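Novice:
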Amino acid sequence: MERFRQEKALQKALNGLRQLSTTIRSSGDTSTSPKAARCQESASNAQTGSPVNHQALVMTFREQLREGRTIDMVNLRCLAHNGCPDSGNLRAVAWKVLLGYLPPDMRQWEACLQRKRSEYQRLCRELLEHPHNSDESSDMSSGLQQAAAEVHADALCSSNEHSDDHPLNMDTTSRWHSFFQDSEIKEQIDRDVLRTRAEMHFFSGTDNAASLNREEMSRALFIFAKLNPGLQYVQGMNELLAPLYWLCRGDVSGGGDAHAEADSWHLFVALISDFRDHFCKQLDNTQAGIKATLGRLSAMLKLHDRELWYHLSVKNKVDPQFYAFRWVTLLLTQELEFPELLRLWDALLSDPAGRPDMLLRLCLAMLLNVREELLKGDFGANVKLLQRYPQVDVGLLLQIAGDAAQDSPSLAHSSD
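Structure follows, in structure tokens:
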């Protein structure tokens, strides 16, 4: 049975690979490079029934990520869209390239990693440590509690020097004001990180390793909040960081696991840049905000399945905000088990039409996948089903999303 599932999945990936290659080429790059031909040939050679299918896929990825070469981004997107291997660090490296953390030219990787990791360490020193003690201690494993204590001590020192700066001073320039504000953000982050993927020991365990993971995730999110005062931290961002941090922690190549905090922070910043408007309340009622995005999802459903759209939107008055708000803002992290989520994000991060477009097509696929159940239900049944989405074949969702791209390639960007 397991072998049958693998063979079926591989055949689906092969068909998708051919279709995606055609899509990418027709969208701009019309050349047929030897690398692209080899990419397709490697997939074609991994025929069903062969005991080395997975090995062939791994070898194809390793060829694309071979040291000392310049990566063909069309090929990498093509391969990743059909699923990155779980073996070794291949998915971690592929995501780092797809999100722009690493450049296509692998000869630049070492210098790039050194520069970006040093940049994150500098940010931690500037935003977390006592400014007068920056030369005495550069140990960032002390966590946010030490940072808060240092800010608290600095505030006390400052209040002694300036009698008008005291804990009751609510002036925005007061060190006490900043300290209390940071403490509130930190407490919210700590609460959310503690609840991250409770089913996984990696995040929720009580041992030192899991505690360190949570500490580093909290610090990364706090740094993001400090650098983005207009956005700050929004509940749920911890769920977006979790897959990135998990992958980086497992990337032992070149000591990557020791830099999981810095690497995942950069990946998180790159990922959130595509969707940050969804977290900004000031933009909720604009064309860039979450309400407009949910409106585009409703328009896509109306185009693809008018009967289902009518049943949900008109008859039962099920507003997309009741279910798709979480789908869109958290990139479906709460609807899937972790392994399935990684597979889904392979496609999300590599889709040639862009991540926002792919996300809406995946949400549409979620609706179409449970079409029959929805049509049988009333308001309560519909909302319950969509808020507690059943287990699903990710391959099927990706196939439905791919079909949607063929039928309406530009609708996800429409403002109608």
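Residue 1084 is where the sequence shown starts when you use the working numbering, and the numbers rise one by one after that.
Ideal placement from N, C-alpha and C gives every residue a C-beta, glycine not left out.
On a predicted model such as this, the values are computed, not experimentally measured, just so you know.
#1: In terms of residue numbering, what span does the alpha helix (DSSP H) encompassing N1136 cover?
#2: Distance check for F1421 and A1343, CA to CA, integer angstroms please.
#3: Do G1166 and D1429 have their C-beta atoms closer together than 7 Å?
#4: Which word fits F1305, buried or exposed, when buried means at least 16 other C-beta atoms lie within 10 angstroms of its C-beta?
#5: Using beta-carbon positions only, say whether F1351 and L1324 come within less than 7 Å of one another.
#6: What first and last residue would you give for the alpha helix (DSSP H) that runs through I1306?
#7: Report the CB separation of V1475 from N1452 in whole angstroms; it is logged as a contact under 8 Å.
#8: Contact check, D1388 vs R1454 under 8 Å by CB: the rounded distance?
#9: Apart from the five residues on each side of it in sequence, which residues of its chain come closer than 7 Å, Cβ to Cβ, to P1403?
#10: Let me make sure I understand the geometry here. Which of R1160, A1345, Q1138 has the alpha-carbon closest to that of G1171?
#11: For F1362, which of G1437, Q1470, P1312 has the nearest alpha-carbon?
#12: Where does L1457 fall in DSSP's three states?
#13: Can you look up A1238 in the DSSP assignment and give me helix, strand or coil?
#14: Decide if A1371 is buried, meaning its Cβ has at least 16 other Cβ atoms within 10 Å, or exposed.
#15: Looking only at its chain, what residues have a beta carbon closer than 6 Å to the beta carbon of S1217, apart from the 5 residues adjacent to it on each side?
#16: So is Y1406 buried or exposed if we call it buried at 16+ other beta carbons inside 10 Å?
#17: Would you kindly check if the distance between the Cβ of N1465 and the Cβ of V1397 is under 7 Å?
#18: What residue range does the alpha helix (DSSP H) around E1209 cover?
#19: Among the residues of its own chain, which have a CB less than 7 Å from the CB of S1116, if the five just before and after it don't count?
#20: Can you tell me whether Y1393 is buried or exposed, with buried defined as 16 or more other CB within 10 angstroms of its CB?
#21: What residue does the alpha helix (DSSP H) around E1420 start on, and which one ends it?
#22: Is the number of C-beta pairs between the stretch 1175-1195 and the stretch 1271-1283 that are closer than 8 Å three or more?
#23: Which value, in whole angstroms, describes the spacing of the CA atoms of A1129 and V1141?
#24: Suppose you measure from the CA of L1415 to the CA of Q1264; what does that come to, to the nearest Å?
#25: Excluding sequence positions up to five away, which residues of its chain have a Cβ less than 8 Å from the Cβ of T1113?
#26: Sort out for me which residues DSSP pairs D1188 with in a bridge.
#27: Is it the case that the stretch 1316-1336 contacts the stretch 1147-1164, given that we only count it when at least three CB pairs across the two stretches are under 8 Å?
#28: Does the beta-carbon of D1222 have 16 or more other beta-carbons within 10 angstroms, so that it is buried, or is it exposed?
#29: Is the beta carbon of A1341 less than 7 Å from the beta carbon of Y1203?
#30: Taking only the alpha-carbon atoms, compute the straight-line gap between G1226 and E1299 and give it to the nearest angstrom.
#31: Distance check for L1419 and T1131, CA to CA, integer angstroms please.
#32: Since H1284 is in the alpha helix (DSSP H), which residue starts that stretch and which ends it?
#33: Give the single residue among I1483, E1193, A1484 whose Cα lies nearest to the Cα of G1339.
Specialist: Well, looking at it:
#1: 1136-1147
#2: 18 Å
#3: yes
#4: buried
#5: yes
#6: 1291-1310
#7: 6 Å
#8: 7 Å
#9: L1377, L1380, S1381
#10: Q1138
#11: P1312
#12: helix
#13: With a pLDDT of 46 at A1238, under the threshold of 50, the predicted position of this residue should be treated as unreliable, though the coordinate-derived value follows. Correct three-state label for A1238: helix.
#14: exposed
#15: Any reading at S1217 must be qualified, since the residue scores a pLDDT of 39, below 50, and its modelled position is unreliable; the value itself is stated next. So the qualifying residues of the chain are R1208.
#16: buried
#17: no
#18: 1192-1211
#19: Only weak support exists for where S1116 lies, its pLDDT of 47 falling under 50; the value from the coordinates is given anyway. Answer for S1116: D1155, listed in chain order.
#20: exposed
#21: Premise fails: E1420 is in no alpha helix (DSSP H) and is neither H nor E.
#22: no
#23: Confidence is the limiting factor: at A1129 the pLDDT is only 37, short of 50, which leaves the residue's position unreliable, though a coordinate-based value still follows. Cα to Cα, A1129 sits roughly 11 Å from V1141.
#24: 30 Å
#25: A caution first: T1113 carries a pLDDT of 39, below 50, which makes its placement in the model too unreliable to give a value.
#26: T1153
#27: no
#28: In this prediction, D1222 scores a pLDDT of 46, lower than 50, which makes its location untrustworthy; no coordinate-derived value is stated.
#29: no
#30: Model confidence at G1226 stands at a pLDDT of 47, short of 50, so the residue's coordinates are unreliable; what they give is reported in the following sentence. If you take the alpha carbons of G1226 and E1299, they lie about 8 Å apart.
#31: In this prediction, T1131 scores a pLDDT of 38, lower than 50, which makes its location untrustworthy; the coordinate-derived value is nonetheless stated afterwards. Cα to Cα, T1131 sits roughly 27 Å from L1419.
#32: 1284-1287
#33: E1193
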